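Working notes for the structure below.
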Amino acid sequence: MASAGEPGRDTGDGPVLSTLSHTKVCVLTYGCTYNFGDSRKLEDVLASQGCRIVATPEDADAVVINTCTVIAPTERKMLRVLHQHREKPLYVTGCMPEVQRDEILRVCSPVFISQGEIMARYRTIRPGTAIRRDTGIVQIARGCQGACTYCITRRARGQLVSNSIDTILQEIQRCHERGATEIQLCAQDCSAWGADHGGHLGDLLAHIADLPGTFLLRIGMMNPGTLLPALDAIIESFSDPRLFRFVHIPVQSGSDRILSRMGRGYTREDFLMIVREFREHIPDITLATDIITGFPGEDEQDVRQSVELLSAVMPAKVNVTRYSRRPGTAVSQQREHTDQVKKVRSRMIQQHAEKIYQRLHEPVLGTMVQVTVTERLRPGSVLARTGNYTGVVLRGDLPVGTVLVARITTDRTYFLLGDPVS
Numbered sequence: 001m002a003s004a005g006e007p008g009r010d011t012g013d014g015p016v017l018s019t020l021s022h023t024k025v026c027v028l029t030y031g032c033t034y035n036f037g038d039s040r041k042l043e044d045v046l047a048s049q050g051c052r053i054v055a056t057p058e059d060a061d062a063v064v065i066n067t068c069t070v071i072a073p074t075e076r077k078m079l080r081v082l083h084q085h086r087e088k089p090l091y092v093t094g095c096m097p098e099v100q101r102d103e104i105l106r107v108c109s110p111v112f113i114s115q116g117e118i119m120a121r122y123r124t125i126r127p128g129t130a131i132r133r134d135t136g137i138v139q140i141a142r143g144c145q146g147a148c149t150y151c152i153t154r155r156a157r158g159q160l161v162s163n164s165i166d167t168i169l170q171e172i173q174r175c176h177e178r179g180a181t182e183i184q185l186c187a188q189d190c191s192a193w194g195a196d197h198g199g200h201l202g203d204l205l206a207h208i209a210d211l212p213g214t215f216l217l218r219i220g221m222m223n224p225g226t227l228l229p230a231l232d233a234i235i236e237s238f239s240d241p242r243l244f245r246f247v248h249i250p251v252q253s254g255s256d257r258i259l260s261r262m263g264r265g266y267t268r269e270d271f272l273m274i275v276r277e278f279r280e281h282i283p284d285i286t287l288a289t290d291i292i293t294g295f296p297g298e299d300e301q302d303v304r305q306s307v308e309l310l311s312a313v314m315p316a317k318v319n320v321t322r323y324s325r326r327p328g329t330a331v332s333q334q335r336e337h338t339d340q341v342k343k344v345r346s347r348m349i350q351q352h353a354e355k356i357y358q359r360l361h362e363p364v365l366g367t368m369v370q371v372t373v374t375e376r377l378r379p380g381s382v383l384a385r386t387g388n389y390t391g392v393v394l395r396g397d398l399p400v401g402t403v404l405v406a407r408i409t410t411d412r413t414y415f416l417l418g419d420p421v422s
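The opening position of the sequence shown corresponds to residue 1 in full-length UniProt numbering, with each subsequent residue numbered one higher.
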């Protein structure tokens, strides 16, 4: 193992998972839902080898860290975590080894686990050895078709490779059989699914609609540029009552000038049209979106246009991220705004978003809604979801999968509180 200040050693990428058989392993996962899907598969493989999955590194014989490097603060956090656990047998997977291996080796000498080995081993495990979970994660594609000028994920995950319909349907059925109430479809860009073989997401959703079962389904992030060509078919898919009436469509900026500099491949009006179409056909659909603040070249007018766009579409969730230079990206050499400018703009967008949340929540206070319990929180409380994916925290130890009526009592800005009625 590398000591503090000592460079690490590259251990290569050979098959390594068998070396963990019959040990206690802690898997620490960072980043997106897709990364958590990879970790789920890894944990299932380890369980099939007689491993015991433990919650904390202190209780483990070995630690696996599934890394993320989407923004610089996350990268710095990863390096701190790697350094913290360098004295234990340490295994590393995820995006960082693909694009920043040297940075990892500056702080530790881990064993690298390739995504290919995880997938190859996962395909061979017996169904009975997989871990039961309340929420299933089904990866429908890897990589993307985009050419965003700021994004390192394309380098880490590669070009779009869609999983086959049969593979996805089988994985949904496995999740359901293991007890999942909610199943989340995920990819770097869900609406890009099928574009590499002439299909589109609507085709996949139509096949999923034919599956039996009482599970609930959430579609993950869909970029406007890939959503547009399949928009009608995707909207039609929401006729399946098991599909949460929820879409996550990251706009990133309300300024066409900045969208062009970002290489996003769509306009402000494209995004507005997509939202209008969804709401015309599904009036109570919940919209989540993303905004990047402090992008190189962004000025005050661009920020105002982002604020105005949010006011126009009234999203129920806005993920606000300060621009972060990533190595090897097209804009990585351009002049950045100061951290203070990014902070001020980020705070302004976040405060505006919170006012929108309050306006959306006010009409539902005191009303009765049907919800499904999807997640256990701390003892004595659970998270339930309405049909349009609004989160309602309820008191009590209700089993996951319980369907009930709740009275909405309190607005907590990012979620609601409710009391079970029936």
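Positions of the beta carbon are idealized from the N, C-alpha and C atoms, including for glycine.
Remember, it's a predicted structure, so these values are computed and weren't measured experimentally.
Item to check | Ala-47 to Glu-58 span [Cα, whole Å] | outcome: 19 angstroms
Item to check | For Phe-238, the residue or residues it bridges with in DSSP | outcome: Paired residue(s): none; Phe-238 is not in a bridge.
Checklist entry - By Cβ distance, which residues of its chain are closer than 7 angstroms to Glu-171, with the 5 residues on each side in sequence left out? => result Val-138
Item to check | Cβ neighbours of Ser-324 in the same chain (closer than 6 angstroms, five flanking residues each side left out) | outcome: Ile-71 and Ala-72
Next on the checklist: Can you give me the C-alpha to C-alpha distance between Arg-279 and Ile-234, rounded to a whole angstrom?
Outcome noted: 13 angstroms
Item to check | Beta-carbon contacts of Ala-312 that lie in its chain and below 7 angstroms, excluding the five residues immediately before and after | outcome: Leu-272
Item to check | Residue environment, Gln-351, which counts as buried when at least 16 other CB atoms sit within 10 Å | outcome: exposed
Next on the checklist: Determine whether the beta carbon atoms of Leu-217 and Arg-245 lie at a separation below 8 angstroms.
Outcome noted: no
Item to check | Burial state of Tyr-91, where buried means 16 or more other Cβ atoms lie within 10 Å | outcome: buried
Checklist entry - Beta-carbon of Leu-28 versus every beta-carbon of chain C: anything under 8 angstroms? => result Any reference to chain C falls outside this structure, which holds one protein chain only.
Item to check | Paired residues, beta bridge with Met-368 - DSSP | outcome: Arg-407
Checklist entry - So what does DSSP say about Asn-35, is it helix, strand or coil? => result helix
Item to check | Presumed contact (8 angstroms Cβ cut-off) between Cys-190 and Ile-140, rounded CB distance | outcome: 6 angstroms
Next on the checklist: Short of 6 angstroms in beta carbon distance, which residues of its chain neighbour Glu-354, apart from the five on each side in sequence? Order them along the chain.
Outcome noted: Thr-413
Checklist entry - Buried or exposed: Gln-340, going by 16 or more other Cβ atoms within 10 Å of its Cβ? => result exposed
Item to check | Buried or exposed (CB count within 10 angstroms, at least 16 for buried), Thr-293 | outcome: buried
Checklist entry - Considering only residues of the same chain and omitting the five flanking positions on each side of Thr-93, which have a CB-CB separation below 8 angstroms? => result Asp-38, Leu-42, Val-64, Ile-65, Asn-66, Thr-67, Phe-112, Ile-113, Ser-114, Gln-115 and Ile-118
Checklist entry - What residues match up with Pro-420 in a beta bridge as DSSP calls it? => result Ala-406
Item to check | For Val-45 and Ile-125, believed in contact at Cβ under 8 angstroms, the rounded distance | outcome: 6 angstroms
Checklist entry - Between Lys-317 and Ile-282, what straight-line distance do the alpha-carbon atoms span, to the nearest angstrom? => result 18 angstroms
Checklist entry - Roughly how many angstroms lie between the CA atoms of Arg-52 and Pro-89, to the nearest whole one? => result 15 angstroms
Next on the checklist: Quick check: what's the CA-CA separation for Arg-276 versus Gly-128?
Outcome noted: 45 angstroms
Next on the checklist: At 3 residues or longer, what runs of the beta strand (DSSP E) sit wholly inside the region 95-151?
Outcome noted: 135-139
Item to check | Sequence ranges, alpha helix (DSSP H) only - wholly within the region 181-269, length at least 4 | outcome: 201-209, 224-227, 231-237 and 256-262
Checklist entry - Can you name the start and end residues of the beta strand (DSSP E) that Leu-292 belongs to? => result What sits at residue 292 in the sequence shown is Ile, not Leu. It spans 286-293 - the beta strand (DSSP E) in which Ile-292 sits, taken as one unbroken run.
Next on the checklist: For the ligand ATP, is there any heavy atom lying closer than 7 angstroms to the beta carbon of Pro-15?
Outcome noted: Summarising the ligand content, the structure contains no ligands, and the ligand ATP is consequently not present.
Next on the checklist: Assuming the contact rule is C-beta atoms closer than 8 angstroms, Arg-178 and Arg-132 should be a hit. Round their C-beta distance to whole Å, please.
Outcome noted: 5 angstroms
Item to check | CA nearest to the CA of Val-251, picked from Ala-288, Pro-229 and Cys-144 | outcome: Ala-288
Checklist entry - For the beta strand (DSSP E) that contains Ala-316, what are its first and last residues? => result Segment: none, Ala-316 is in no beta strand (DSSP E) and carries neither H nor E.
Item to check | Sequence-distant residues of the same chain with beta carbon closer than 7 angstroms to residue 427, five excluded per side | outcome: With the chain covering 1 to 422 only, the question about residue 427 has no answer from this structure.
Item to check | Nearest-angstrom beta carbon gap, Phe-295 and Ser-253 [assumed within contact, 8 angstroms] | outcome: 7 angstroms
Checklist entry - Three-state secondary structure (DSSP) at Ile-65? => result strand
Checklist entry - If you draw a straight line from the C-alpha of Ala-192 to the C-alpha of Val-307, how long is it? => result 27 angstroms
Checklist entry - I think Gln-159 touches Ala-195, with their Cβ atoms under 8 angstroms apart; what is that distance to the nearest whole Å? => result Actually they do not touch by this definition, with Cβ atoms about 11 angstroms apart.
Checklist entry - Distance, Cα to Cα, Ile-408 vs Val-421? => result 10 angstroms
Checklist entry - Considering only residues of the same chain and omitting the five flanking positions on each side of Val-99, which have a CB-CB separation below 8 angstroms? => result Thr-69, Ile-152, Arg-155, Ala-156, Pro-327 and Gly-328
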